[in-house]
Structure formats: C-alpha cells, structure tokens
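The structure appears right after this line, and notes come after that.
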Amino acid sequence: MIGLCLGLAGVVWAEVPTTEFTLAWTHTIEKIRWEEDYRVTPQGLRLDAARIRGTGAGMEVPDGAVLRDGSWQYHPQLPVLPQLRLGRTPEAGDYQLCQAGACRPLADWLGPPRHERPAVEVWPCGQ
Numbered sequence: 001m002i003g004l005c006l007g008l009a010g011v012v013w014a015e016v017p018t019t020e021f022t023l024a025w026t027h028t029i030e031k032i033r034w035e036e037d038y039r040v041t042p043q044g045l046r047l048d049a050a051r052i053r054g055t056g057a058g059m060e061v062p063d064g065a066v067l068r069d070g071s072w073q074y075h076p077q078l079p080v081l082p083q084l085r086l087g088r089t090p091e092a093g094d095y096q097l098c099q100a101g102a103c104r105p106l107a108d109w110l111g112p113p114r115h116e117r118p119a120v121e122v123w124p125c126g127q
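For the record, in the sequence shown the residue sitting at position 96 is 96 according to the UniProt record's numbering, with numbers rising by one throughout.
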C-alpha cells in the first residue's frame with residue numbers, strides 16, 4: 001500500500017499508511033475551518049474536493065462552490081501535486097490529518113509546531 005510521508009527536503013520524519021486523507025486547519029485570522037480531501041497516488045497527491053466553512057479576508061468562495069451542510073464545497077481543478085509544503089508555527093496552530101472521519105493534529109506524528117522547524121512537506125512515500 002502506498003502511504004503518506006511527512007518530512008522536509010526528502011527526509012522522512014513520519015509515515016502514515018493511507019491512500020486518502022483530509023487536510024484540515026483553522027484560518028489564523030478569521031478562525032474559519034478549511035478542509036481539503038486528497039488521494040495519494042504513485043504520481044503525487046490529487047486534490048479531489050475542498051470545503052470552507054465561511055468567508056473572510058483572503059477566503060473568497062471559488063466559482064462553482066455550493067453551500068451544503070454549512071460549508072462552501074467545491075472541486076478544485078489542479079494537476080496532481082508532487083508534494084504539499086505546509087507552514088507550521090506555534091502562533092498559527094497545527095494542521096489536522098483526518099482519515100475515515102477521525103482527525104488528529106500533525107503534532108501526533110511530528111511533535112508540536114516549533115520555530116526551529118517552521119515547515120513540513122507531505123508527499124506519497126516511495127515517490
């Protein structure tokens with residue numbers, strides 16, 4: 001099974017055995033939750049769907065989004081991504097990695113966000 005690697009500059013800090021996950025976070029200023037659904041493929045990470053639970057500064061609702069169950073839901077049209085680079089600092093809070101409806105902070109795999117390590121990359125293991 002393909003999995004998800006967490007690390008930086010190709011150095012793996014943790015592996016998560018999954019082929020699908022949701023990346024979730026709270027906007028640091030507007031305090032509104034964002035969620036993105038990804039599929040892990042040998043070619044990279046495919047963003048299948050996304051949800052925003054409100055709007056605000058820098059949080060415009062994309063064209064074609066539909067308000068359903070309290071969130072603006074849409075399907076981004078992006079190519080498969082080789083990796084994601086996520087900023088992680090103590091002030092911004094942490095991302096959550098959700099699988100099968102259960103969400104856990106990245107800190108469960110990587111420890112808390114630290115100034116000395118302000119970013120993490122996410123990519124398919126074995127890529």
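From the three backbone atoms N, C-alpha and C, an ideal C-beta is built for every residue, glycine too.
Given the structure is predicted, the values throughout are model-derived calculations rather than measurements.
{"Item": "Buried or exposed (CB count within 10 angstroms, at least 16 for buried), residue 40", "Value": "buried"}
{"Item": "Nearest neighbour of residue 57, chosen from 29, 50, 73, 2 [CA to CA]", "Value": "29"}
{"Item": "Buried versus exposed, by CB contacts within 10 Å (16 or more), residue 22", "Value": "buried"}
{"Item": "Cβ contact (3+ pairs, closer than 8 Å) linking the stretch 73-83 and the stretch 108-117", "Value": "no"}
{"Item": "Where the beta strand (DSSP E) through residue 48 begins and ends", "Value": "44-52"}
{"Item": "Terminal residues of the beta strand (DSSP E) in which residue 37 lies", "Value": "33-41"}
{"Item": "Cβ neighbour criterion (16 or more within 10 Å) applied to residue 119", "Value": "exposed"}
{"Item": "Counted within 10 angstroms of its Cβ, other Cβ atoms place residue 50 as buried (16 or more) or exposed", "Value": "buried"}
{"Item": "Sequence-distant residues of the same chain with beta carbon closer than 7 Å to residue 36, five excluded per side", "Value": "22, 23, 47, 50"}
{"Item": "Those runs of the alpha helix (DSSP H) which lie wholly inside the stretch 78-120 and span at least 4 residues", "Value": "107-110"}
{"Item": "Contact belief for residue 42 with residue 105 at Cβ below 8 Å, rounded distance in angstroms", "Value": "With a Cβ gap of about 27 Å, residue 42 and residue 105 do not count as contacting."}
{"Item": "Residue 32 to residue 67 span [Cα, whole Å]", "Value": "15 Å"}
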